[in-house]
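Enquirer: Heads up: the sequence shown begins at 138 in this note's numbering, then just goes up one per residue. C-beta atoms are modelled at their ideal positions from N, C-alpha and C, and glycine is treated no differently.
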Amino acid sequence: MNSIVAAPPRAIVHRTSGSRHGPITRLMSPGDLGQLCKPFVFLDRVAAKADAMQRGFGMHPHSGIATLTYLIEGQVIYEDTTGQSGTLPSGGLEWMQAGNGVWHSGRPVAGSAMQGFQLWVALPTAQENAAPHSLYLAPTEIPREGPARVLLGQYGAARSRVTAPTGMNYLAVQLQENEHWRYTPPAGHSVAWLAVNSGSLDAGGNVTAGEMVVFEESGAAIDIVARGATSFVLGSAVKHPHDLVMGHYSVHTSKAALEKGEQEIQRIGALLQQEGRLG
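Written out as structure tokens, the structure reads:
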């Protein structure tokens, strides 16, 4: 009788603690691990005490990408040039699909400590110079499947409300001590990584708070065991097939697309300057 042998879990092939700048740790950039993890090309972890980031992030531009800001703790006052503004609550997310060009800002509510992640996603050619749009979701609007909140894509029966490019999942996961969780990615998701916010876990190697690991490219599952109460984010995707052509705040697939996006950024910036909205 033939027996079916299950494929071994994915192995960790890269790990980093990133570079820390005050309360922000840059774990991935387009010039380093973003080349391995694309369409995920940039990841910042924010861990700020109350009033440590009073100024926040003033109006700044993007093109060619989408940003997803996920708040684990804290509240952020936001504004963007698609016309939206308000306060993002703890546990909520901001999806800003910059497309051909957008400016946005965010700062913590006074007295609020802040924890979370900001992710950049490289857009496909059909969307990198399209009109921008944004979406802000409260915690109750983020679906859950087991221990995972589905920020992008679909996991089990839970599907994100964010209209993102196809072929990617981004999950926020909380596990209790010694809890085991297996993530089986959709077909074609050869890219996979995770970053721990608090606690530690075993995923074929120990990963502690503040670390990011990249898994080998394959279709295999990822086995995780929490070592104490642990929270982390995990991304998986079909690999972005294009080169990353980078500007200061932008990532595109070609020099021509980048130039088009930068022209739109400059046009919007000039209007903001006239309106007195830039410092």
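1. Grab the span of the beta strand (DSSP E) containing E231 for me, first residue to last.
2. Sorted by chain position, which residues of the same chain lie with C-beta nearer than 6 angstroms to P198's C-beta, five sequence neighbours on each side aside?
3. In the DSSP assignment, the alpha helix (DSSP H) including L170 goes from what residue to what residue?
4. Could you check what DSSP says for R414 in three-state terms: helix, strand or coil?
5. Leaving out five residues before and five after G293 in sequence, what residues of the same chain have Cβ atoms less than 6 angstroms from its Cβ?
6. Since M196 sits in a beta bridge, which residues does DSSP pair it with?
7. Tell me the start and end of each unbroken beta strand (DSSP E) in the stretch 300-385 that is at least 3 residues and wholly inside, in chain order.
8. With a threshold of 7 angstroms, establish whether the CB of R147 neighbours any heavy atom of the ligand GTP.
9. Excluding the 5 residues flanking G242 on each side, which residues of the same chain have their C-beta closer than 8 angstroms to its C-beta?
10. Report the option in P276, P323, P302 and A324 whose CA atom is closest to the CA atom of A309.
11. Cβ atoms of G201 and V388: under 8 angstroms apart, would you say?
Expert: Let me spell this out:
1. L230 to Q234
2. W240, Y386 and I402
3. Premise fails: L170 is in no alpha helix (DSSP H) and is neither H nor E.
4. Coil.
5. E282
6. DSSP lists no partner for M196.
7. 305-312, 317-320, 328-335, 337-339, 343-345, 349-352, 359-363 and 367-374
8. As for the ligand GTP, it is missing from this structure, which has no ligand bound.
9. The sequence shown places Ser at residue 242, not Gly. Once the five neighbours on either side are set aside, the close Cβ partners of S242 are G193, F194, G195, M196, H197, Y215, E216 and D217.
10. By alpha-carbon distance to A309, the top candidate from P276, P323, P302 and A324 is P276.
11. yes
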